[in-house]
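Remarks on the structure that follows.
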């Protein structure tokens, strides 16, 4: 392998030499001579199987979407976007990469997962890591203090100084609407508040500097037992066992508004200013959620912590509830499918004068949802159409390519979704088979006789029924049969 | 400035020291002491205006899209996607970045414009530069030989071994449909063929090694005069003047199918195998374009060259024709708004066995089109709605927040696009003003009396007419007035 690497280096250098000579407009003889050397080196090198295999992949952590997967994705996005629009959101978009400085110091532990770009002799750039930080940068840059927007069909945020908990309640309503519409099974939205967490840690005796690391231990409670979390806190993170036990008494609790009221009476917690504020807001939030008819989907869960540094108030996370696996269906893992919270400090980090713009938002875990929907469709062996073609323009005899081209063009111009096979003389059977495979419902068949009579034979692919339709009525008949509203391109 | 940089470095180092101590669980006293030092250093450093300004921007060459710009973009994309679907295309998607090797050696001169990512201890990655090379990588990786697809609402391609010029003609038809639908003014599609260009260069006496560089000179003919191009060829690129003149005789010609026929009779050009193939195909292409009713939009232009290395046959580029500037409208520059061509060799570059998949495609210059549409809307001072909200839920009196929340929730659940102001007690005037600004057509007003009577006051924002609607009829009435088809979320 070392030899191969050396040879590759030689090929590269010789290639550069040849390009250099060409640029310098060296004599044709000299270039030819050097090209000869290059070709010999390349022949010595031979084909590189491993290299070919290496090229034929996407980068780690990324994937392609096939037409079938995209069809699923489009349906999911359609549900999400319709919901965002129903709630009066505008759309914005920001670039795929940002200045490195824009992203620095916003994500805590997650920062190391950010991709940096190579310096191109100009700015230091990084690929965006989420849509929230670019959104905050956008607000500060454009001096906006009020906006309700969505971003790439998955992130929704409300920015502005409003009366407490009304936008927060709408975010939770949106989450519930989307998860219900997607029909991916029962779900529960866990709610907590950063201020309650911080207040709780304070009264339990955790030092300020350990808040974050103890927070991340607590966050594991949805996956591992309290015993394990306690071991981590005491063994790895140096917490006194009695402090851990006090935390344990709190974080193992979850419930509805009654738990909020109970904690408001808690002699210690109610003495902590931060916790008291958080609990008061949660109480108000539950009132609004009841008016929105979603209080039964919400669980106040003291173990919910959320990783990102920028949250400052209410936080939430939607999880799917495990359902007994149905016949032929693989059991779906429980996990977060949507999350969000309030981040009142982030915009101020970008503003030169530190002016704050309170924000609350949510993000839909579209990748996870795609996988769930895909898996379900596969289990049901459901066929997914990847095009919307209404009719295939076909011919039963030879030498009718020109007529097919004319007809398909007429249909396109009338707004009909139409295709033809790119063959001069395709067999009728092949044309019909194509429709079956692609799920195209209609075939418009041209023949010598039909041309003379001024009609087109319209065939239904599933019923195999055929009727002659006058050419001037064809567009209307296709629209009628495929239920497409009249719309001109 | 050098002093500032040194101070910044000290702050950074001290910050790292503090973080290290925290991780090592050093004593609280020690940490406090070190934090104190850090704060002093920071105070010394003071605020950095230049740095703040630096952060508040997007990377060079990128931009944000505001809600207004996104509304324009959505309309443009809607036209494009509807056309692609009309032509039976599937959708695929590929990652934002690719292995560096995937992109290397595919773009010729343009390669230096590719952004590389920093090595993250794994693979060498680059941001994708277009959608064509990732598409070819996708085909080779999935061993696909046949597909008609679009990609991010701007790139459309047909891959497969078909009878000549049928898919190529459809690509040109698609280009014309989209540009007509967008109503951005008159346009012309220039068509040429790489094989005609290569054949022409050969018979004029250009050496193989100079094809590409002479090609790039020729490509400038849409911007500068023939004299200037000739000067570049002879002066900078070392072409003999008589060779340049021979090229000039060809590349200054453009026309319709009659020019194709004339060149087929050209005693020299018709002797060149490549040129003959290209001309034969163009003749056939024009037949199909006539059947598609777009031959009047097409100009065979021997000066069209196209930069990218991967084209192998027909190439095309759509330009807007300069129209006399209308009153109040800035003159729009002429320029390419869509382009594409045939690239039969690209997939083979990725296939381990070099198997070829012929492809033809087009790309819409969406950024340019957005600017044109935006500029036009601005000139016309046309208001662009950035949301689709149908109704604002409002109240005329205080203490009706709960009732507003209940009603808006009912409307959302019925699929109505509705908003409310996030204020406990907003003034009616403010609520009406909000509708005027956001272009919301209806207001549903709740009052004490209306609640008692079981009605809602529905107000039209433009006509200011108000009628009482029974609460159970409200959804239907809003749908009727805003022309929304019945659709449940």
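Residue numbers (the numbering used here), protein chains in the order written: chain U, 760 to 1248; chain R, 760 to 1248. Ideal Cβ placement from N, Cα and C applies to all residues, glycine included. Only a predicted model underlies this, so the values are computations on that prediction, with no experimental measurement involved.
Taking Cβ-Cβ distances shorter than 8 Å, what residues in chain C pair up with residue i?
i                      : result
residue 851 of chain R : Among the protein chains in the structure shown, which are U and R, there is no chain C.
Taking the beta carbon of residue i as the centre, do at least 16 other beta carbons fall within 10 Å, making it buried, or is it exposed?
i                       : result
residue 911 of chain U  : exposed
residue 1031 of chain R : buried
residue 1114 of chain U : exposed
residue 899 of chain U  : buried
residue 779 of chain R  : exposed
residue 966 of chain R  : exposed
residue 771 of chain U  : exposed
residue 1090 of chain U : The pLDDT assigned to residue 1090 of chain U is 45, lower than 50, so where the model puts this residue is not dependable; a value taken from the coordinates is nonetheless given after this. Residue 1090 of chain U is exposed by the Cβ-count criterion.
residue 1026 of chain U : exposed
residue 1239 of chain U : exposed
residue 1226 of chain R : exposed
residue 1185 of chain U : buried
Any idea what DSSP makes of residue i, helix, strand or coil?
i                       : result
residue 1223 of chain R : coil
residue 858 of chain R  : strand
residue 950 of chain R  : strand
residue 898 of chain U  : helix
residue 915 of chain R  : strand
residue 812 of chain U  : Note that residue 812 of chain U scores a pLDDT of 46, beneath 50, so its modelled location is shaky; the value from the coordinates is reported in the next line. If DSSP states are grouped into helix, strand and coil, residue 812 of chain U belongs with the helices.
residue 822 of chain U  : coil
residue 1128 of chain U : helix
residue 1086 of chain U : Reliability fails at residue 1086 of chain U, whose pLDDT of 42 lies under 50, so the model's placement of it is uncertain and the value that follows must be treated cautiously. Coil at residue 1086 of chain U, not helix or strand.
residue 875 of chain U  : strand
residue 1151 of chain U : strand
residue 1058 of chain R : strand
residue 1249 of chain U : As shown, chain U starts at 760 and ends at 1248. That puts residue 1249 of chain U outside it, with no answer to give.
residue 887 of chain R  : coil
residue 892 of chain U  : helix
residue 1144 of chain U : coil
residue 797 of chain R  : helix
residue 1065 of chain R : coil
residue 723 of chain R  : Residue 723 of chain R is absent from the model: chain R starts at 760 and stops at 1248.
residue 1028 of chain U : helix
residue 1053 of chain U : coil
residue 1217 of chain U : strand
residue 1268 of chain U : The question about residue 1268 of chain U has no answer here: the residues shown for chain U are numbered 760 through 1248.
Could you tell me the boundaries of the beta strand (DSSP E) in which residue i lies?
i                       : result
residue 1249 of chain R : This structure cannot speak to residue 1249 of chain R, because chain R is shown only from 760 to 1248.
residue 845 of chain R  : Looking at the DSSP string, residue 845 of chain R is not in any beta strand (DSSP E); the run it does join, the alpha helix (DSSP H), is 826 to 845.
residue 849 of chain U  : 849 to 851
residue 1121 of chain R : 1118 to 1123
residue 909 of chain U  : 906 to 910
Within the continuous alpha helix (DSSP H) that includes residue i, where are the two ends?
i                       : result
residue 1236 of chain U : 1233 to 1241
residue 1074 of chain R : Careful: residue 1074 of chain R lies outside any alpha helix (DSSP H), inside the beta strand (DSSP E) at 1073 to 1079.
residue 936 of chain U  : 925 to 941
residue 1042 of chain R : 1032 to 1050
residue 1106 of chain R : 1105 to 1109
Against chain U: residues of the region 941 to 975 of chain R by CB proximity under 7 Å: Against chain U - using a Cβ distance shorter than 7 Å - the residues of the region 941 to 975 of chain R are 966 and 968.
Selection of the region 875 to 888 of chain U by Cβ proximity to chain R, strictly under 7 Å: 875, 876, 877, 879, 881, 882 and 884
Residues of the region 894 to 910 of chain U whose Cβ lies closer than 9 Å to any Cβ of chain R, in chain order: 896, 897, 899, 900, 901, 906, 907 and 908
Contact list for the region 1178 to 1207 of chain R against chain U, Cβ threshold 7 Å: 1178, 1181, 1182 and 1183
Runs of alpha helix (DSSP H) lying entirely within the region 953 to 1023 of chain R, each at least 4 residues, in chain order: Inside the region 953 to 1023 of chain R, DSSP marks whole alpha helix (DSSP H) runs of 4 or more residues at positions 953 to 963, 970 to 977, 985 to 990, 1000 to 1010 and 1016 to 1023, from first to last along the chain.
Sequence ranges, beta strand (DSSP E) only - wholly within the region 1177 to 1209 of chain R, length at least 3: 1201 to 1205
Against chain R: residues of the region 991 to 1022 of chain U by CB proximity under 7 Å: Here the close residues are 997.
Proximal residues, the region 853 to 866 of chain R versus chain U, C-beta separation under 8 Å: 853, 854, 855, 856, 857, 858, 860 and 861
Cβ-based contacts, 7 Å cut-off: residues of the region 1135 to 1162 of chain R near chain U: Cβ contacts with chain U: 1145, 1146, 1147, 1148 and 1161.
Cβ-based contacts, 9 Å cut-off: residues of the region 1043 to 1054 of chain R near chain U: Flagged, chain order: 1046, 1047, 1050, 1051, 1052 and 1053.
Contact set between the region 1218 to 1235 of chain U and chain R, restricted to residues whose Cβ is under 8 Å from the partner: none
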